[in-house]
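Visitor: Protein chains in written order, with numbering that gives the first Met the number 0: chain A, 0 to 217; chain B, 0 to 217. Yeah, the Cβ is synthetic: ideal placement off N, Cα and C, and Gly gets one too. In this text the structure is predicted, and so the values were computed from the model without any measurement.
Number of protein chains: 2
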Amino acid sequence: MVRLVSVCASLSDDELALLESLAHPTHFASGETLFTQGREAHSVYNVTAGVVRLYKLLSDGRRQVVGFALPGDFLGLAMRDAYGFSADAIGGVSACAFSRGAYTALVDAKPHLLKRLHEFATHELTLAHEQMMLLGRRTAEEKLICFLLGMQQRWARLGKPSVTVPLPMTRQDIADFLGLTIETVSRTFTRLAKDKTILIVPGGVRVMNPERMSAVAA
Amino acid sequence: MVRLVSVCASLSDDELALLESLAHPTHFASGETLFTQGREAHSVYNVTAGVVRLYKLLSDGRRQVVGFALPGDFLGLAMRDAYGFSADAIGGVSACAFSRGAYTALVDAKPHLLKRLHEFATHELTLAHEQMMLLGRRTAEEKLICFLLGMQQRWARLGKPSVTVPLPMTRQDIADFLGLTIETVSRTFTRLAKDKTILIVPGGVRVMNPERMSAVAA
DNA sequence: CGGCGAAATTGATCCAGATCAATGCGACAC
DNA sequence: GTGTCGCATTGATCTGGATCAATTTCGCCG
Chain A
0 MVRLVSVCAS LSDDELALLE SLAHPTHFAS GETLFTQGRE AHSVYNVTAG
50 VVRLYKLLSD GRRQVVGFAL PGDFLGLAMR DAYGFSADAI GGVSACAFSR
100 GAYTALVDAK PHLLKRLHEF ATHELTLAHE QMMLLGRRTA EEKLICFLLG
150 MQQRWARLGK PSVTVPLPMT RQDIADFLGL TIETVSRTFT RLAKDKTILI
200 VPGGVRVMNP ERMSAVAA
Chain B
0 MVRLVSVCAS LSDDELALLE SLAHPTHFAS GETLFTQGRE AHSVYNVTAG
50 VVRLYKLLSD GRRQVVGFAL PGDFLGLAMR DAYGFSADAI GGVSACAFSR
100 GAYTALVDAK PHLLKRLHEF ATHELTLAHE QMMLLGRRTA EEKLICFLLG
150 MQQRWARLGK PSVTVPLPMT RQDIADFLGL TIETVSRTFT RLAKDKTILI
200 VPGGVRVMNP ERMSAVAA
């Protein structure tokens, strides 16, 4: 089984064994739903492979993508009784599922683990604040550039450093994450490509002018 | 000393006594800064009276207010080494300060407390996701209405239920929270008042048509 | 009281990004 | 090969909210 590296770095071997005994490895096909906003929260997930789209819907269909989960990320931490957002697989996804009961029992028994989860939640909150800044105060071009640099960093931290940023999500997903329309995302990408700031490649984008991009994101 | 009601409901008397022995009660004058984004995080605060503006700045001066802290709220949880945002007092503010060392020691020693703090962080994260939806996908009128209902609920949960929502912050603060300009906030308030949806009163707003407001926020 | 500075409102105009509307372009099935 | 379906790109036009620009109102102090 894939190591639950993100949450468990600080755990002892027997704790890790306990954790793995409670994890149900699961696979989701492309487009399949892990869980739905408003439904009773039965499980917490740790993504081990693939990318998950996390989003909220308004009754009239407007959508806000609140994040993309990559391998190592934890889903469903912010649940109360019901999930606060929906999650579905972008491409195939492997994840470890923990039943809610097992999760709460484990957390009560292992302060180590709780501390790691709290650090994780706290980091998520910091990212959420940055996303608020981005959504409320940045221009379309800045939004795209911050998004690309952010994804690049996240892949790098997972041991996949590259000037080519994989973008397995659709333009619509990116638009709904950045508070834009698909047309604006497409046009802004095209403009950045004409600038030679980026190069659009199948399945992603190659960063050509990181200096300029970092300056804009600053 | 004011009870640290929000975090400590689940603590035993001796734990509460320990907590209070570590808290430094502090007062801040109107406009005074509790802490600044990027500075080394030395303390965590629990607000006991007044309202605190939490915000991030971009190098060119654009500002995003990431939240308003009311009595009972905890500040600085999402700190790493440095504060991720700035905080300053709107009107006079009383708060209990905990040194970072005392805070981490306490958290390590008391899993109860850690659990409460984690629940608090998790709730903040849920609110942050809702704010993303609001910033990315809602219109100016919806933003204002959601803001007013949200503030009303928060005051209600603190034992101050009222159809009159106190708004001690400036229009600029509200604008920077909602990703709007001061002019749009002002015009939208005026329009809602003409509608008889709200009544603008000194220091706040009276909710006149909660049904319509809830329908818009849905 | 009147005078002053900060906050708020109101009006006129502008523009970044939304909306409406065609294409373009793979990938996949037959 | 050719059809077709779901993205993505590109173009033309529109508009909600921003920007620019006066007032007006509200403390607050002397």
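Over what stretch of residues does the alpha helix (DSSP H) that includes A:V46 continue unbroken?
Guide: Translated into the one-based positions of the first sequence, residue 46 of chain A becomes position 47. No alpha helix (DSSP H) contains A:V46, which is instead part of the beta strand (DSSP E) from 42-56.
Visitor: Judging by CA-CA distance, which residue of B:L179, B:T180, B:L177, B:Q151 is the nearest neighbour of B:L166?
Guide: Position 167 of the second sequence holds residue 166 of chain B. The option with the nearest alpha carbon to B:L166 is B:Q151.
Visitor: Taking the Cβ atom as the reference point for each residue, do A:Y54 and A:S85 lie within a distance shorter than 7 Å?
Guide: What you label residue 54 of chain A is simply residue 55 of the first sequence in a count that begins at 1. What you label residue 85 of chain A is simply residue 86 of the first sequence in a count that begins at 1. It is a contact, given that the beta carbons lie within the stated cut-off.
Visitor: Terminal residues of the continuous alpha helix (DSSP H) containing B:P221?
Guide: Because chain B is modelled from 0 through 217, residue 221 of chain B falls outside the range shown and cannot be assessed.
Visitor: Quick one: residues in its chain with C-beta nearer than 7 Å to the C-beta of A:S98, no 5 flanking neighbours on either side, listed in chain order?
Guide: By 1-based counting over the first sequence, the position of residue 98 of chain A is 99. Excluding sequence neighbours, A:S98 sits near H41, S42.
Visitor: With a threshold of 7 Å between beta carbons, is B:S58 in contact with chain A?
Guide: On the second sequence, position 59 is the one that residue 58 of chain B refers to. Taking Cβ atoms only, chain A reaches closer than 7 Å to B:S58, which makes this a yes.
Visitor: List the residues of chain A whose Cβ lies closer than 7 Å to the Cβ of B:R61, in chain order.
Guide: Numbered from its first residue, the second sequence carries residue 61 of chain B at position 62. Within chain A, the residues near B:R61 are R136.
Visitor: Please list the segments of the beta strand (DSSP E) lying wholly inside the segment 151-189 of chain A, counting only runs of 3 or more residues, in order along the chain.
Guide: Correct list: 163-165.
Visitor: With A:L148 and A:A216 assumed to form a contact (beta carbons below 8 Å), what rounded beta-carbon distance in angstroms separates them?
Guide: By 1-based counting over the first sequence, the position of residue 148 of chain A is 149. By 1-based counting over the first sequence, the position of residue 216 of chain A is 217. A:L148 to A:A216, Cβ: 5 Å. Contact.
Visitor: Below 7 Å between beta carbons: does that hold for B:M131 and A:Q171?
Guide: Within the second sequence, the letter at position 132 stands for residue 131 of chain B. Within the first sequence, the letter at position 172 stands for residue 171 of chain A. Contact flag unset, no.
Visitor: As a quick exercise: from B:R136, B:L133, B:M78, pick the residue whose alpha carbon is nearest that of A:H228.
Guide: An answer regarding residue 228 of chain A cannot be provided, because it is not within the stretch 0 to 217 covered by chain A.
Visitor: First and last residue of the alpha helix (DSSP H) that includes A:L112?
Guide: Taking the first sequence and counting its residues from 1, the one referred to as residue 112 of chain A is at position 113. First-last of the alpha helix (DSSP H) with A:L112: 110-136.
Visitor: Report the rounded CA-to-CA distance for A:H128 versus B:A127, giving the unit in angstroms.
Guide: Counting from 1 along the first sequence, the entry for residue 128 of chain A is found at position 129. Counting from 1 along the second sequence, the entry for residue 127 of chain B is found at position 128. Approximately 7 Å, taken between the alpha carbons.
Visitor: Among A:S185, A:L113, A:W154, which residue has its Cα nearest to the Cα of A:A68?
Guide: In the first sequence, residue 68 of chain A corresponds to position 69, counting from 1. Of A:S185, A:L113, A:W154, the residue nearest in Cα terms is A:W154.
Visitor: For A:A48, which residues from the same chain have a beta carbon less than 6 Å from its beta carbon, with the 5 sequence-adjacent residues on both sides left out?
Guide: Against the first sequence, residue 48 of chain A aligns to sequence position 49. Closer than 6 Å at Cβ, skipping near neighbours: P70, S93.
Visitor: Name the chain B residues that come within less than 8 Å of A:L116, Cβ to Cβ?
Guide: On the first sequence, residue 116 of chain A is found 117 positions in, with the first residue counted as 1. In chain order: H117.
Visitor: Starting from B:P70 and walking both ways along the beta strand (DSSP E), at which residues does that stretch end?
Guide: For the purposes of this step, residue 70 of chain B is taken as residue 71 along the second sequence, with counting starting at 1. That residue, B:P70, is in no beta strand (DSSP E); it is neither H nor E in DSSP.
Visitor: What is the DSSP secondary structure of A:D243, reduced to helix, strand or coil?
Guide: Nothing in the structure corresponds to residue 243 of chain A, since chain A is present only between 0 and 217.
Visitor: Three-state secondary structure (DSSP) at A:L147?
Guide: Here the question's residue 147 of chain A lines up with position 148 in the first sequence. DSSP places A:L147 in helix when its eight states are reduced to three.
Visitor: DSSP three-state call for B:S93: helix, strand or coil?
Guide: If you number the second sequence from 1, residue 93 of chain B lands on position 94. DSSP places B:S93 in strand when its eight states are reduced to three.
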